[in-house]
Amino acid sequence: MSTFRSDFLRTLDERGFIHQISDEEGLDKLFATETVTAYIGFDPTAPSLHAGGLIQIMMLHWMQATGHRPVSLMGGGTGMVGDPSFKDDARQLMTVDTIEANIASIKKVFANYLSYGEGPRDALMINNADWLRDLNYLEFLRDVGRHFSVNRMLSFDSVKTRLDREQSLSFLEFNYMILQAYDFVELNKRYGVRLQMGGSDQWGNIVNGIDLGHRMGTPQLYALTSPLLTTASGAKMGKSLNGAVWLNADMLGAYEFWQYWRNTEDADVPRFLKLYTTLPMDEIARLSLLAGSEINEVKKILATEITAMLHGRSAAEAAAETARKTFEEGGLAADLPSVEVGSGELEAGIGVLAAFAEKAGLVASNGEARRQVKSGGLKVNDVVVTDDKQVLTLRDLTPEGVIKLSFGKKKHVLLRPA
RNA sequence: GGGGGAGUGUCCCGAGCGGCAAAGGGGGCGGACUGUAAAUCCGCUGGCUAUGCCUUCGUAGGUUCGAGUCCUACCUCCCCCA
Numbered sequence: 064m065s066t067f068r069s070d071f072l073r074t075l076d077e078r079g080f081i082h083q084i085s086d087e088e089g090l091d092k093l094f095a096t097e098t099v100t101a102y103i104g105f106d107p108t109a110p111s112l113h114a115g116g117l118i119q120i121m122m123l124h125w126m127q128a129t130g131h132r133p134v135s136l137m138g139g140g141t142g143m144v145g146d147p148s149f150k151d152d153a154r155q156l157m158t159v160d161t162i163e164a165n166i167a168s169i170k171k172v173f174a175n176y177l178s179y180g181e182g183p184r185d186a187l188m189i190n191n192a193d194w195l196r197d198l199n200y201l202e203f204l205r206d207v208g209r210h211f212s213v214n215r216m217l218s219f220d221s222v223k224t225r226l227d228r229e230q231s232l233s234f235l236e237f238n239y240m241i242l243q244a245y246d247f248v249e250l251n252k253r254y255g256v257r258l259q260m261g262g263s264d265q266w267g268n269i270v271n272g273i274d275l276g277h278r279m280g281t282p283q284l285y286a287l288t289s290p291l292l293t294t295a296s297g298a299k300m301g302k303s304l305n306g307a308v309w310l311n312a313d314m315l316g317a318y319e320f321w322q323y324w325r326n327t328e329d330a331d332v333p334r335f336l337k338l339y340t341t342l343p344m345d346e347i348a349r350l351s352l353l354a355g356s357e358i359n360e361v362k363k364i365l366a367t368e369i370t371a372m373l374h375g376r377s378a379a380e381a382a383a384e385t386a387r388k389t390f391e392e393g394g395l396a397a398d399l400p401s402v403e404v405g406s407g408e409l410e411a412g413i414g415v416l417a418a419f420a421e422k423a424g425l426v427a428s429n430g431e432a433r434r435q436v437k438s439g440g441l442k443v444n445d446v447v448v449t450d451d452k453q454v455l456t457l458r459d460l461t462p463e464g465v466i467k468l469s470f471g472k473k474k475h476v477l478l479r480p481a
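Basically the working numbering = 1-based index in the first sequence + 63.
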């Protein structure tokens, strides 16, 4: 379909969120005529979502912005099973405590993108543990299990990859898609949910839910998936210099988050502006034209806009300013990530290797630090370290009273005497 | 239940006649070149109080001066038969 009538689908379409829809026309009509409730499931496999999950959150955001009701479903129940879709190995089983802790932590981020409440268009946060944890096995098998054909489930790509590689798929994991399908139906019954969205890897699971709905008498349900995110050169989204790009502020600061987007590949800039910012489309079109000479300026706007949504406008601007001082003036920005060290320790002297590995945590081990010295990757106060026996003392403090440690061109940590 | 095959460096894949910190990829990281980009080229990719020491090849034992490599038991997975 070339044009959608509903604001929601038109927005998603023009911004590049849509990979597949189960029934474009039907769904468009639904969105055009009523307030729709739709959900996306989030697995509590870590204490924070990372950049890869941002696209789902943005879809929920646009739902609300266009007058509908988004539901974020926490997988407190399904998390006990683990989604095997397109995975090679079974996941480590998580304890209930871990799952609950992860959910509590993940939740914090959503309020930055959605407004919650009791109104008809206020977002909902729901945990599928509410209905999954107390299921009666036999009842469940008879009411729900009988609608599933194992033959059909085995035919899904998400499972086939696992089987083709001759890797085992436990019965536990195999049940994941049944539970997810059941979630969809249950959410329809409880909250009138009509649509489930997700990454393209979720297509099979979502369609299963639609089928189950048919058999269990729900109204027509719909599926909408977003494209799998990779950068223009094919790398997976969401990994930064120091690891995963977490959304929770306590796991990744605003500065590092900003840096991640600042380093976007040229070819990705227009696409990311559409997906991850709420800038109007004509503004994005204008910025995309600048992509030649001023692309670096556009990348800063991109980074600042995305960071502002998550961490707040002032934190985003502070991050931009820190980066400007650090990279453009080659100077020393006081609010780079910093680590405190006892001034007594510094008086006694800290070996460079230990400073980089143990104190700043910029490298994984002393050995790694030693190797980096050999390839010239470490700098103290912008001077390349050439001797791995060098010792940092009070004399290395800059006039600002810190020691700047750099690993590569982009990673900097300040040592600050306590 | 019977028979056959497999598990290697804590990112992944994958070689490995009893002398092995273990080939080769991919990925990742650093350097050069650039624009905090991409592409390309070069280097690195167990730990440490380091001319040495310690820990690694599914787990636990055993043979041996010496075991990823041989033997035994166990665990897990795959395939065939029942």
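Idealized CB from N, CA, C, for every residue including glycine.
| query | result |
| --- | --- |
| Straight-line Cα distance separating THR456 from VAL446 | 15 Å |
| Beta-carbon contacts of ALA379 that lie in its chain and below 6 Å, excluding the five residues immediately before and after | THR367, THR370 and ALA371 |
| Cβ distance (whole Å) where PHE67 is taken to contact ASP86 below 8 Å | Not really, about 13 Å apart at Cβ, beyond 8 Å. |
| Close Cβ partners of MET121 (< 8 Å) along its chain, the five nearest in sequence each way excluded | PHE80, TYR176, LEU338 and TYR339 |
| 8 Å contact criterion, which THR141 and ASP197 should meet: CB distance rounded | 14 Å between Cβ atoms; not a contact. |
| Within 7 Å, strictly: CB atoms of VAL454 and GLY414 | yes |
| Beta-ladder partner(s) of ALA442, from DSSP | Note that residue 442 is Lys in the sequence shown here, rather than Ala. DSSP lists VAL447 and SER469 as partners of LYS442. |
| First through last residue of the alpha helix (DSSP H) which encompasses HIS124 | 117 to 128 |
| Outcome for LYS474 when other beta-carbon atoms lying within 10 angstroms are tallied against a minimum of 16 | buried |
| Where MET64 falls: helix, strand or coil (DSSP) | Model confidence at MET64 stands at a pLDDT of 48, short of 50, so the residue's coordinates are unreliable and nothing is read from them. |
| Identified DSSP bridge partners for GLY414 | VAL454 |
| Validate contact between the stretch 305 to 318 and the stretch 267 to 286 using beta carbons, cut 8 Å, 3 pairs | no |
| Neighbourhood of THR183 by C-beta distance below 8 Å, restricted to the same chain and skipping five residues each side | Note that residue 183 is Pro in the sequence shown, not Thr. Within the same chain, PRO183 has close Cβ partners THR98 and ARG132. |
| Whole-angstrom distance between ASP459 and GLY116, CA atom to CA atom | 42 Å |
| Span separating the alpha-carbon of GLU319 from that of THR129 | 31 Å |
| Assigned secondary structure, GLN243 (DSSP; H/G/I helix, E/B strand, else coil) | helix |
| Reduced DSSP category for GLN283 - H, G, I as helix; E, B as strand; rest coil | coil |
| Enclosing alpha helix (DSSP H) for PRO333 [first to last residue] | 332 to 339 |
| Buried versus exposed, by CB contacts within 10 Å (16 or more), SER289 | buried |
| Within 7 Å, strictly: CB atoms of GLY139 and GLY104 | no |
| Boundaries of the alpha helix (DSSP H) in which ASN199 is found, first to last residue | No alpha helix (DSSP H) holds ASN199; DSSP gives it neither H nor E. |
| Nearest neighbour of LEU112, chosen from LYS362, ASP313 and GLY464 [CA to CA] | ASP313 |
| Which of helix, strand or coil DSSP assigns to MET216 | helix |
| Whole-angstrom C-beta distance between GLY471 and PRO400, which should lie under 8 Å | At roughly 14 Å, the Cβ-Cβ gap does not stay under 8 Å, so PRO400 and GLY471 are not in contact. |
| C-beta contact flag for SER17 and HIS124 at 7 Å | Any property of residue 17 remains undetermined from this structure, which presents the chain solely from 64 to 481. |
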